[in-house]
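Residue numbers (our numbering): 2 to 279.
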């Protein structure tokens, strides 16, 4: 793969619109990959990115512990920009803070406003690529046909019925992330994927085949599934590749990534009583 250490002027311009998909992959406290939707992600200059925070979640805590990140930006024409960056600092005032809070999305929002701006130094930038719709469609058809043969043998219900149906919709976009040997996460679009059952995802490697083959078997991967209505779920599990041209993720962790209250769904989190101080 070819990488640059700077953004072209066209890349900077492409990151500006609010109507885009922006994803940030981070590394959790246990060294596991995490992916968040960050629509405010944009290039501040040829060497720096920034993004605005309006809610809490794991990714914000992760970057403060481990500054190594990966980013994805995809526009309406299905052009994709990917790369890695290193988180450096945050600010709660200043020119960029005002810029975000004066955009229509946040200026007229009665519930959410940007309260923190995060900054990252660019490490590597992959030139933009176009997501192949024919390859995605072919992969989705193949995965649909193969999922009956790829069902797991477990009995526990891991994904909810909503999450499973969400992953099986053809218009749901999926992105897979893992942590590379250099400690940086990396994100690969894997749109042609479906749920074999509530415990397993299966996808055809008709797009980004070489990148998927580079993931070591047994690696823990995260898969972020979202639609254009901004409904999303984050899954994590063990990756196995090259099964009859398929990749398989055995899911062991499910996370609600939607605001206003992101949080773990599976394994179930015990309910705890709320006690008021007297």
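All C-beta atoms, glycine included, are put in the ideal place defined by N, C-alpha and C.
- The three-state secondary structure of residue 272, taken from DSSP, is coil.
- Setting aside the 5 residues that flank it on each side, residue 29 is surrounded in the same chain by 35, 63, each with a C-beta closer than 6 Å to its C-beta; the list follows chain order.
- Residue 97 and residue 56 have their C-alpha atoms roughly 17 Å apart.
- In this chain, the beta strand (DSSP E) harbouring residue 175 covers 174–180.
- Taking C-beta separations shorter than 6 Å and ignoring five residues to either side along the sequence, the partners of residue 68 in its chain run 87, 88, following chain order.
- In the structure shown, the three-state DSSP call for residue 61 is helix.
- According to the DSSP secondary-structure assignment, residue 80 is paired through a beta bridge with 131.
- Within its own chain, no residue has a Cβ closer than 6 Å to the Cβ of residue 18 once the five positions on either side in sequence are excluded.
- In this structure the stretch 248–264 touches the stretch 200–212; the number of beta carbon pairs closer than 8 Å is three or more.
- With a threshold of 16 other beta carbon atoms within 10 Å, residue 150 falls short and is exposed.
- By the Cβ neighbour-count rule, residue 101 is buried, with 16 or more other Cβ atoms within 10 Å of its own.
- Residue state for residue 253 is assigned as strand, using DSSP reduced to three classes.
- As computed with DSSP, residue 91 is found in a beta bridge with 119.
- Using a 10 angstroms sphere on the CB of residue 267, the tally of other CB atoms reaches 16 or more, which defines it as buried.
- Taking a contact to require three or more Cβ pairs closer than 8 Å, the stretch 219–227 and the stretch 169–179 qualify as touching.
- With a beta-carbon spacing of about 24 Å, residue 33 and residue 81 fall beyond the 8 Å limit used to define contacts.
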